[in-house]
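Peer 1: If you're matching them up, the sequences are chains S and A in order.
Per our numbering, residue 1 is the first one in the first sequence, and the count goes up by one each step.
Per our numbering, residue 265 is the first one in the second sequence, and the count goes up by one each step.
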Amino acid sequence: MLTFESVTYRHAGGVRPAIDDVSLELGEGEVVGLVGGNGSGKSTLCLIAAGLAPRIVGGTLSGRILIDGEDIAPMPMHELVARVAIGFDDPWTQLSGVTGTVYEEVAFGPANLGMPRDELVSRVDAALSSLAIEQLAARDPAHLSGGQQQLVAIAGLLAMGPRHIVLDEPTAQLDPSGTSLVANAIERLASEGASVLVVEHKTDLIARVAKRLVVLAGGTIVMEGAAAELLADPRLRDLGVREPSAVRLRRRLVEAGLDPVALA
Amino acid sequence: MVGPLALAGLVVLLPAAVARVVRKLLRATLLLTLPVATSVLVINVLFFPGGRDVLFQAGPVTATREGLGLAIEVLLRLLVISGAISLFYLTTSAAELTTDLERRGVSPRLAFVANASVQSVPAMLERAAAIIEAQRARGLDTEGGPLARARGIVPIVGPVILGAIGEVEQRTLALEARGFSRPGPRTLLWHPADRPIERAARWLIVAALVALLAARALGWHPA
């Protein structure tokens, strides 16, 4: 379980808090979607969840982040990364840039943890098979499509062995087929018991993978509830969140004078 | 001149021929040494002090045979040095090198930096090629005379450098998220093969170096 307890965070030199009194809980096997307009604090919340803010990026934090009831503040970074993994939007910058094959790339993170070689190999094999990308193992990561690179990056996170995964716009730079690969991967991870926090502008993806939705504005949670209901809420558009295509289609049809009951 | 020539043949060209990279090696070496070689040639041929055997005279400058001799010797030395470096990069896999360095106790961070700096060159070239295409699509003239080309460099270099700097922040976070800053040794997935012939070659190089230093100390100097 990943828990935020009254978390407030200010960037270094920031006057206003970027995250303001946020409390949130992610259960085992639960996928929570996080949406909000630009500058609402989504990415900052991801960095906080992964322990990168404030310890790497600076700033000040009050409140607590707990992993399975344990405060992450005193945990060394290398212990934390084995429990909470974070993925970013750009697949290219997430790759280490120093490996010649996908297999080595996926092994890069767990190898940093200094585990026995046998365990390393079994983790890499498991991560590749969990995302169904074993066939890419011998390929050069630099020469894969964006979607495949993002899957390799996620496999690299999984091989660290975390139970909690934070994905900050994992499909921002991907085409529909790449987006679909990532959506499959998220569903698979959740089915294996991982809790996943997904930030996305593409609400179609959120509608597909998330059961619960959290809406952020000005660093504060302004709406929270079942994803299917909230994504159809017209107030989301005012908060800078694009509605899923199914909701948009329904709204346009209604605006054109068609009966929603008949449509249903 | 005999010394550098023998070295060029034995240490650079012969191994390059065995590795079948002579053509690539010559191109890389010539490109690397061209700017320095040009200045070495001009300065030594035209301004060698005490040169007596005049080749030609043009106004205040006099080209001498002694200057030309020295220029050729320095050039050969330069070619041997840059040729050896080029040969190393053409025949050694960066991943194998850094893995082996780590196995021998070099810090993983140092090995990563060494590896990343080599691997980032092709990535940078790819990025530059993509930016050139994008700028061309917006009407940038990257062809034509030297002046037009020079003008075209500015809108390409800016995005390449800024893009690379922009990547650094996210790459740093991504590395941190993968346990890169953990102290202590990393697990090595594999060990590069170290064949007996490679070990023998390494010892031969050390022995040759010692022998050459000893010969020089005893007063031996090839003509």
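Positions of the beta carbon are idealized from the N, C-alpha and C atoms, including for glycine.
For residue 62/S, count neighbouring Cβ atoms within 10 angstroms of its own Cβ and tell me buried if that reaches 16, exposed if not.
Peer 2: Along the first sequence, one-based indexing puts residue 62/S at 62. It is exposed - the Cβ of residue 62/S has fewer than 16 other Cβ atoms within 10 Å.
Peer 1: Given a cut-off of 9 Å, decide if residue 142/S and residue 387/A are closer than it, judged by their beta-carbon atoms.
Peer 2: What you label residue 387/A is simply residue 123 of the second sequence in a count that begins at 1. What you label residue 142/S is simply residue 142 of the first sequence in a count that begins at 1. In contact: residue 387/A and residue 142/S (Cβ atoms closer than 9 Å).
Peer 1: Would you say residue 435/A lies against chain S (beta-carbon separation less than 9 Å)?
Peer 2: The count along the second sequence starts at 1 and reaches residue 435/A at position 171. So, interface residue.
Peer 1: At 7 Å on the CB atoms, spell out the chain A contacts of residue 86/S, in chain order.
Peer 2: Residue mapping note: residue 86/S aligns to position 86 of the first sequence, counting from 1. The answer, in chain order, is 441.
Peer 1: For residue 476/A, which residues in chain S fall below 9 Å Cβ to Cβ?
Peer 2: The residue you call residue 476/A lines up with position 212 of the second sequence. Those within 9 Å of residue 476/A in chain S number zero; the least Cβ separation is about 35 Å.
Peer 1: My output table needs one value for residue 483/A: the three-state DSSP class, helix, strand or coil.
Peer 2: Counting from one through the second sequence, the residue named residue 483/A turns up at place 219. Coil.
Peer 1: Within 10 angstroms of the Cβ of residue 216/S, are there 16 or more other Cβ atoms? Answer buried if so, exposed if not.
Peer 2: Translated into the one-based positions of the first sequence, residue 216/S becomes position 216. Answer is buried; the Cβ neighbour count reaches 16.
Peer 1: Hey, quick one: how far does the beta strand (DSSP E) through residue 321/A stretch, first residue to last?
Peer 2: Here residue 321/A is taken as the residue at index 57 of the second sequence, counted from 1. Note, residue 321/A: beta strand (DSSP E), 318–322.
Peer 1: Since residue 239/S and residue 207/S are thought to touch, with beta carbons under 8 Å apart, how far apart are those beta carbons, to the nearest angstrom?
Peer 2: The residue given as residue 239/S occupies position 239 in the first sequence. The residue given as residue 207/S occupies position 207 in the first sequence. 16 Å between Cβ atoms; not a contact.
Peer 1: Where do the ends of the alpha helix (DSSP H) carrying residue 34/S lie?
Peer 2: In the first sequence, residue 34/S corresponds to position 34, counting from 1. No alpha helix (DSSP H) contains residue 34/S, which is instead part of the beta strand (DSSP E) from 31–36.
Peer 1: I'd like the list of long-range same chain contacts for residue 442/A, defined as Cβ closer than 8 Å, with 5 residues on each side in sequence excluded.
Peer 2: As a working note, residue 442/A is residue 178 in the second sequence. The beta carbon of residue 442/A is closer than 8 Å to none in its chain, skipping five residues each way along the sequence.
Peer 1: Can you tell me the Cβ-Cβ gap for residue 207/A and residue 115/S, rounded? I've got them flagged as a contact below 8 Å.
Peer 2: Since the first residue shown for chain A is 265 and the last is 487, residue 207/A is missing from the structure and cannot be characterised.
Peer 1: Which residues in the same chain have their Cβ closer than 8 Å to the Cβ of residue 351/A, if we skip the five residues on either side of it in sequence?
Peer 2: Counting from one through the second sequence, the residue named residue 351/A turns up at place 87. Once the five neighbours on either side are set aside, the close Cβ partners of residue 351/A are 276, 279, 280, 283, 285, 289.
Peer 1: Buried or exposed for residue 356/A, please, with buried defined as at least 16 other CB atoms from any protein chain shown within 10 angstroms of its CB.
Peer 2: Working through the second sequence from its first residue, we reach residue 356/A at position 92. Counting Cβ neighbours within 10 Å, residue 356/A comes out exposed, since fewer than 16 surround it.
Peer 1: With which residues is residue 212/S paired in a DSSP beta bridge?
Peer 2: Start at 1 with the first residue of the first sequence, and residue 212/S comes out as number 212. Looking at the DSSP output, residue 212/S sits in a beta bridge with 32/S, 226/S.
Peer 1: How long is the line joining the alpha carbons of residue 50/S and residue 4/S, rounded to whole angstroms?
Peer 2: Residue mapping note: residue 50/S aligns to position 50 of the first sequence, counting from 1. Residue mapping note: residue 4/S aligns to position 4 of the first sequence, counting from 1. Straight-line Cα distance between these residues: approximately 11 Å.
Peer 1: Would you mind giving the Cβ-Cβ distance between residue 156/S and residue 196/S, rounded to the nearest angstrom? I have them listed as a contact below 8 Å.
Peer 2: Walking along the first sequence from the start, residue 156/S turns up at place 156. Walking along the first sequence from the start, residue 196/S turns up at place 196. With a Cβ gap of about 16 Å, residue 156/S and residue 196/S do not count as contacting.
Peer 1: When you compare the CB of residue 408/A with every CB in chain S, is at least one pair closer than 9 Å?
Peer 2: Counting from 1 along the second sequence, the entry for residue 408/A is found at position 144. It does not; no Cβ of chain S falls within 9 Å.
Peer 1: Check whether the Cβ atoms of residue 130/S and residue 83/S lie closer than 9 Å to each other.
Peer 2: Here residue 130/S corresponds to residue number 130 of the first sequence, with the count starting at 1. Here residue 83/S corresponds to residue number 83 of the first sequence, with the count starting at 1. Cβ atoms of residue 130/S and residue 83/S: not closer than 9 Å.
Peer 1: Between residue 360/A and the rest of its own chain, which residues show a CB-CB distance below 8 Å, the 5 nearest in sequence each way excluded?
Peer 2: Taking the first residue of the second sequence as 1, we reach residue 360/A at position 96. Only 456 meet the Cβ criterion.
Peer 1: Of all the beta strand (DSSP E) runs that stay within the bounds of the segment 311–373 of chain A, which reach a length of 3 or more residues?
Peer 2: 318–322, 325–328
Peer 1: Return the first residue and the last residue of the alpha helix (DSSP H) that residue 96/S is part of.
Peer 2: In the first sequence, the residue the question calls residue 96/S occupies position 96. First-last for residue 96/S: undefined, no H or E at that position.
Peer 1: Taking the C-alpha atoms as reference points, what is the distance between residue 137/S and residue 43/S?
Peer 2: Position 137 of the first sequence, counted from the first residue, corresponds to residue 137/S. Position 43 of the first sequence, counted from the first residue, corresponds to residue 43/S. Going by the C-alpha atoms only, they are around 30 Å apart.
Peer 1: With H, G and I counted as helix, E and B as strand and the rest as coil, what does DSSP make of residue 195/S?
Peer 2: Against the first sequence, residue 195/S aligns to sequence position 195. Correct three-state label for residue 195/S: strand.
Peer 1: Closer than 8 Å, Cβ to any Cβ of chain A: which residues of the segment 190–207 of chain S, in chain order?
Peer 2: none
Peer 1: Output yes if chain A places a C-beta closer than 9 Å to the C-beta of residue 149/S; else output no.
Peer 2: Residue 149/S sits at position 149 when you count from the first residue of the first sequence. With 9 Å as the cut-off, residue 149/S does not count as an interface residue toward chain A.
Peer 1: DSSP puts residue 396/A in a beta bridge; with which residues?
Peer 2: As a working mapping, residue 396/A is identified with position 132 in the second sequence. Listed as beta-bridge partners of residue 396/A by DSSP are no residues whatsoever.
Peer 1: For the beta strand (DSSP E) that residue 10/S lies in, which residues bound it at each end?
Peer 2: Within the first sequence, the letter at position 10 stands for residue 10/S. Unbroken beta strand (DSSP E) run through residue 10/S: 2–10.
Peer 1: Kindly indicate the opening and closing residues of the alpha helix (DSSP H) around residue 440/A.
Peer 2: Walking along the second sequence from the start, residue 440/A turns up at place 176. Residues 410–440.
Peer 1: Please state the DSSP three-state secondary structure of residue 272/A.
Peer 2: In the second sequence, counting from the first residue as 1, residue 272/A sits at position 8. DSSP places residue 272/A in the helix class (H, G or I) of the three-state scheme.
Peer 1: Less than 9 Å between the C-beta atoms of residue 449/A and residue 372/A, yes or no?
Peer 2: Indexing the second sequence from 1 puts residue 449/A at position 185. Indexing the second sequence from 1 puts residue 372/A at position 108. Using a Cβ distance threshold of 9 Å, residue 449/A and residue 372/A count as a contacting pair.
Peer 1: Counting only the same chain and skipping the five closest in sequence on each side, list residues whose C-beta sits under 6 Å from that of residue 68/S.
Peer 2: Here residue 68/S refers to the residue found at position 68 of the first sequence. Excluding residues within five positions, the ones whose Cβ falls inside 6 Å are 1.
Peer 1: Considering only residues of the same chain and omitting the five flanking positions on each side of residue 367/A, which have a CB-CB separation below 7 Å?
Peer 2: Residue numbering aside, residue 367/A sits at position 103 when the second sequence is read from its first letter. Excluding residues within five positions, the ones whose Cβ falls inside 7 Å are 452, 455.
Peer 1: Which of the three DSSP states, helix, strand or coil, is assigned to residue 104/S?
Peer 2: On the first sequence, position 104 is the one that residue 104/S refers to. Note: residue 104/S maps to helix in three-state DSSP.
Peer 1: Around the C-beta of residue 469/A, are 16 or more other C-beta atoms found within 10 angstroms, so that it is buried, or is it exposed?
Peer 2: Here residue 469/A refers to the residue found at position 205 when the second sequence is read from its first residue. Residue 469/A should be labelled exposed.
Peer 1: Cβ atoms of residue 175/S and residue 147/S: under 9 Å apart, would you say?
Peer 2: Position 147 of the first sequence, counting from 1, holds the residue named residue 147/S. Position 175 of the first sequence, counting from 1, holds the residue named residue 175/S. Cβ atoms of residue 147/S and residue 175/S: closer than 9 Å.
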